[in-house]
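Structure record follows, encoded as structure tokens.
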Amino acid sequence: MGGFFNSSIGRKVAMALSAFFLMFFLLQHLSINLLSVFSPELFNEVSHFMGTNPVVQFALQPVLIFAVVFHFVMGFILEVRNKKANGVAYVKNNGAANSSWFSRNMIWSGVTILAFILLHFIDFWFPEINTKFIQGDWSGTIEGVDGYRYYEELVHKFANPLRVGAYVLAFVFLGLHLAHGFTSAFQSVGGTAGRKKTLQFIGKAYSIVIPAGFVFVAVYHLFNH
Amino acid sequence: MDLTLKIWRQKDSNTKGQMVDYKVTEISEHMSFLEMMDVMNEQLITKGEEPVAFDHDCREGICGMCSMYINGEAHGPDRGVTTCQLHMRMFKHGDTITIEPWRAAAFPVIKDLVVNRSAFDRIQHAGGYISVNTSGNTQDANSIPIQKQAADQAMDAATCIGCGACVATCKNSSAMLFVGAKVSQYALLPQGQVEAADRVKNMVAQMDLEGFGNCTNTGACEVECPKGISLDNIARMNRELMKASI
Chain D
17 MGGFFNSSIG RKVAMALSAF FLMFFLLQHL SINLLSVFSP ELFNEVSHFM
67 GTNPVVQFAL QPVLIFAVVF HFVMGFILEV RNKKANGVAY VKNNGAANSS
117 WFSRNMIWSG VTILAFILLH FIDFWFPEIN TKFIQGDWSG TIEGVDGYRY
167 YEELVHKFAN PLRVGAYVLA FVFLGLHLAH GFTSAFQSVG GTAGRKKTLQ
217 FIGKAYSIVI PAGFVFVAVY HLFNH
Chain P
505 MDLTLKIWRQ KDSNTKGQMV DYKVTEISEH MSFLEMMDVM NEQLITKGEE
555 PVAFDHDCRE GICGMCSMYI NGEAHGPDRG VTTCQLHMRM FKHGDTITIE
605 PWRAAAFPVI KDLVVNRSAF DRIQHAGGYI SVNTSGNTQD ANSIPIQKQA
655 ADQAMDAATC IGCGACVATC KNSSAMLFVG AKVSQYALLP QGQVEAADRV
705 KNMVAQMDLE GFGNCTNTGA CEVECPKGIS LDNIARMNRE LMKASI
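Residue numbers (our numbering), protein chains in the order written: chain D, 17 to 241; chain P, 505 to 750.
Written out as structure tokens, the structure is:
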């Protein structure tokens, strides 16, 4: 097995496995975000559960952090290795003749998503870690707010049009990344043979619906408060 | 038609190369691309200049020798053809055509447009065969029943001529379409099962050793392959390696 993950195909499979986990994470993250539009109370309840449940916090969260870090680090390593495999560059290369722009530029959509994750961490994740793990406040409440604080914090962040603009732009790149990444991950684990059309359709739908959903939530709160 | 050609000239593998412009005249649209190159070389020889070295052999799309990167595409702008099958009717009078050798660290330039593709041979030697006693008592191939679909897919994979267009066109210089085809043509048939696990492990290990890149599934190789080898072969190779390793 150790030899397998050191091979070129093993690395592809490892990228795909981390991608599957991240794509599942995106789906559940969006589901919870959408609750904030339809029911602030339910959004607060679910957020508090996710933010305080020991299985989520101490088992799933470390797996998520590992998957994110691994996917980025391995992505960069593979990019460097692939550049090395190129040798001398072509004087004229017509990449558009045989492949999509986003399939050839996963590294750039990936770097944009990485930049977004940093902003996202500063906005939400670092304050959460500070409140819970450094201040030791696991109550989910804050002075001056009835009930849980999560909905208020979300609305407060999405009041700034510049921040919402940055979020929208990042999600466009996430969509481009997923437009190639979804089917690519299945191909890497050997799954597309014979089922290509169905997977391509689901991949296209996923890469549009997921980013559009996140954008909808951000824009909804910008214009409704 | 008259054309301007921008061609990569490189004296040998140790010398730095560069693009050089040439004018070529009286090209018929019925000529193949290699015949156009022949005409240009004759014109160069008449002028006392060194002709451009390029690989060629059968000139009917079977041998996999011809290998030119024409106007930014492996084997030029046409689909499902090798360079020798590319017709000059794809171009028009006054065009400028850029001609480069395959580019990949694992395919070093020997001279001008000729690259060393022996890395492919070494991958084949690592496992692209079946051990059959051929000393006069070979049994009839038809005595082993094979499902029609499997036989067709194996034949499709076996049409790979090893030209290297997949590597040349891949943004990562990955050889996975070639190796995927070579693994698949045996993996699909009962005769290939005995050595299946060692075959895929050894061929992938050799592919990595040669310095080819990692596949990122852009699908460019499938589009540019003169034999239309499908990406499904890469997926099958991935499955075969997982099966052999786990």
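All C-beta atoms in this analysis are idealised placements derived from N, C-alpha and C, irrespective of residue type, glycine included. Just so it is clear, the structure is predicted and the values come from calculations on it, not from any experiment.
Check, Outcome
"Tell me, to the nearest whole angstrom, how far the beta carbon of residue 744 of chain P is from that of residue 709 of chain P; I am working on the premise that it is less than 8 Å.", "About 13 Å; that fails the 8 Å criterion."
"Can you confirm whether residue 101 of chain D, when its beta carbon is compared against all beta carbons of chain P, has any partner nearer than 8 Å?", "yes"
"Note down, one range per segment and in chain order, each beta strand (DSSP E) of at least 3 residues found wholly within the region 152 to 197 of chain D.", "none"
"Indicate whether at least one CB of chain P lies closer than 8 Å to the CB of residue 86 of chain D.", "no"
"Go ahead and pull the three-state DSSP assignment for residue 573 of chain P.", "strand"
"By the three-class DSSP mapping on this structure, what secondary structure does residue 743 of chain P have?", "helix"
"Taking only beta-carbon atoms, is residue 594 of chain P less than 8 Å away from chain D?", "no"
"Report the rounded CA-to-CA distance for residue 517 of chain P versus residue 621 of chain P, giving the unit in angstroms.", "13 Å"
"Confirm, please, whether the CB-CB distance from residue 97 of chain D to residue 718 of chain P is below 8 Å.", "yes"
"Check whether the Cβ of residue 587 of chain P lies closer than 8 Å to any Cβ atom in chain D.", "no"
"Buried or exposed for residue 712 of chain P, going by 16 or more other Cβ atoms inside 10 Å?", "buried"
"Shorter than 8 Å from the beta carbon of residue 735 of chain P to some beta carbon of chain D?", "yes"
"Applying the 10 Å Cβ sphere with the 16-neighbour rule, what's the burial state of residue 632 of chain P?", "buried"
"Verify whether the separation of the beta carbon atoms of residue 714 of chain P and residue 623 of chain P is less than 8 Å.", "yes"
"Does the Cβ-Cβ distance between residue 688 of chain P and residue 646 of chain P come in under 8 Å?", "no"
"Since residue 609 of chain P and residue 673 of chain P are thought to touch, with beta carbons under 8 Å apart, how far apart are those beta carbons, to the nearest angstrom?", "Actually they do not touch by this definition, with Cβ atoms about 15 Å apart."
"Count the other C-beta atoms from every protein chain shown that fall within 10 angstroms of the C-beta of residue 552 of chain P, then say buried if there are 16 or more, exposed otherwise.", "exposed"
"Could you name the residues of chain D that residue 621 of chain P contacts, counting a contact when the two beta carbons are closer than 8 Å?", "Chain D residues near residue 621 of chain P: none, gap ~13 Å exceeds 8 Å."
"Work out the CA separation of residue 218 of chain D and residue 768 of chain P for me, nearest whole Å.", "Residue 768 of chain P cannot be examined here, being either before or after the span of chain P that is shown, 505 to 750."
"Is DSSP giving residue 528 of chain P helix, strand or coil here?", "strand"
"Does any C-beta atom of chain D lie closer than 8 Å to the C-beta of residue 517 of chain P?", "no"
"Let me know if residue 677 of chain P comes out buried or exposed under the rule of 16 or more other beta-carbons within 10 Å of its beta-carbon.", "buried"
"Could you give the first and the last residue of the continuous alpha helix (DSSP H) run that contains residue 124 of chain D?", "122 to 136"
"Taking residue 693 of chain P as the reference, give the member of P/650, P/614, P/684 and P/667 with the closest Cα.", "P/650"
"Measure from the C-beta of residue 167 of chain D to each C-beta in chain P and report whether the shortest distance is under 8 Å.", "no"
"For a contact defined as C-beta to C-beta under 9 Å, what are the partners of residue 526 of chain P on chain D?", "Under the 9 Å cutoff, chain D gives no residues; its nearest Cβ is about 15 Å from residue 526 of chain P."
"Under DSSP, the beta strand (DSSP E) around residue 687 of chain P begins and ends at which residues?", "Counting along the chain, residue 687 of chain P falls outside any beta strand (DSSP E), though it belongs to the alpha helix (DSSP H) covering 680 to 691."
"Would you say residue 592 of chain P and residue 581 of chain P are within 8 Å of each other, going by their C-beta atoms?", "no"
"Note down, in chain order, each residue of its chain lying with its Cβ closer than 8 Å to the Cβ of residue 95 of chain D, except the 5 sequence neighbours on either side.", "123"
"Have a look at residue 732 of chain P and residue 596 of chain P and give me their C-alpha separation to the nearest angstrom.", "27 Å"
"Taking residue 664 of chain P and residue 679 of chain P to be in contact with their CB atoms under 8 Å, please state how far apart those CB atoms are, rounded to whole angstroms.", "Wrong, their Cβ atoms sit about 11 Å apart, outside the cutoff."
"With the cut-off set at 8 Å, would you say residue 585 of chain P and residue 565 of chain P are in Cβ contact?", "yes"
"Specify, as a first and last residue, the run of the alpha helix (DSSP H) that residue 756 of chain P falls within.", "Because residue 756 of chain P is not part of the residues shown, which for chain P are 505 to 750, the question remains open."
"If you compare alpha carbons, which of D/214, D/165 and D/142 is closest to residue 58 of chain D?", "D/165"
"Can we say the region 24 to 33 of chain D touches the region 213 to 229 of chain D, given the rule of at least three CB pairs closer than 8 Å?", "no"
"Quick one: list the residues of chain D neighbouring residue 716 of chain P, beta-carbon separation under 8 Å, in chain order.", "24 and 101"
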